[in-house]
Amino acid sequence: MAREYLEPDRHGSLVEVVDAILDKGMVINADITVSVVGVELLGIKIRAALASFETAARYGLEFPSGTNIETPAWAEAQIPNEDCPQCGKRVPAEELLEVGCPWCGWVSARAEAKAIEA
């Protein structure tokens with residue numbers, strides 16, 4: 217079962233919405249100005265990004281200074297993942313192609329060909 221993304225006319229649970237946002241990421245840009253008689257009194261520029269570590273690493277989002285990127289979680293986020301075509305769980309792409317899915321046992325054509333050659 218592949219992961220299904222929300223369609224505009226379809227309602228989803230909060231978990232589905234958060235999963236879709238973290239998977240694809242979301243950026244909010246806002247410029248707020250307060251003016252009186254054409255004179256700008258206050259200007260605020262806001263930029264916020266919400267994404268998983270994996271998505272942030274994939275798109276090269278900048279993190280605040282002082283962020284420790286030498287952690288095991290960051291190293292794991294650098295590994296490209298793919299959805300298993302059978303169960304939809306995220307698996308490292310190389311493992312999925314070379315071995316198969318550890319969750320449901322799905323085997324790729326490449327892994328089957330290697331097993332036949334061996």
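Position one of the sequence shown corresponds to residue 217 (our numbering), numbered consecutively onward. Even glycine gets a Cβ: it sits at the ideal position worked out from N, Cα and C. All values derive from a computational prediction rather than experimental measurement.
Legend entry - Bridge partners - K330, DSSP secondary structure assignment: Within the sequence shown, the letter at position 114 stands for residue 330. Beta-bridge pairing links K330 to no other residue.
Inset, instruction - Would you verify that the beta carbon of A329 is, or is not, closer than 8 Å to some beta carbon of chain B? - result: Absent here is chain B; the protein component of the structure consists of one chain.
Inset, instruction - Return the CA-CA distance between E270 and G254, expressed in angstroms with no decimal places. - result: Residue numbering aside, residue 270 sits at position 54 when the sequence shown is read from its first letter. Residue numbering aside, residue 254 sits at position 38 when the sequence shown is read from its first letter. E270 and G254: Cα-Cα distance of roughly 44 Å.
Legend entry - Contact belief for I314 with A327 at Cβ below 8 Å, rounded distance in angstroms: By 1-based counting over the sequence shown, the position of residue 314 is 98. By 1-based counting over the sequence shown, the position of residue 327 is 111. Note that residue 314 corresponds to Glu in the displayed sequence, not to Ile. With 8 Å as the limit, E314 and A327 qualify as a contact, their Cβ atoms being about 6 Å apart.
Inset, instruction - Kindly list the residues whose CB is nearer than 8 Å to the CB of E333, restricted to its own chain and excluding five residues on each side of it in sequence; keep chain order. - result: As a working mapping, residue 333 is identified with position 117 in the sequence shown. Result list for E333: empty, nothing under 8 Å.
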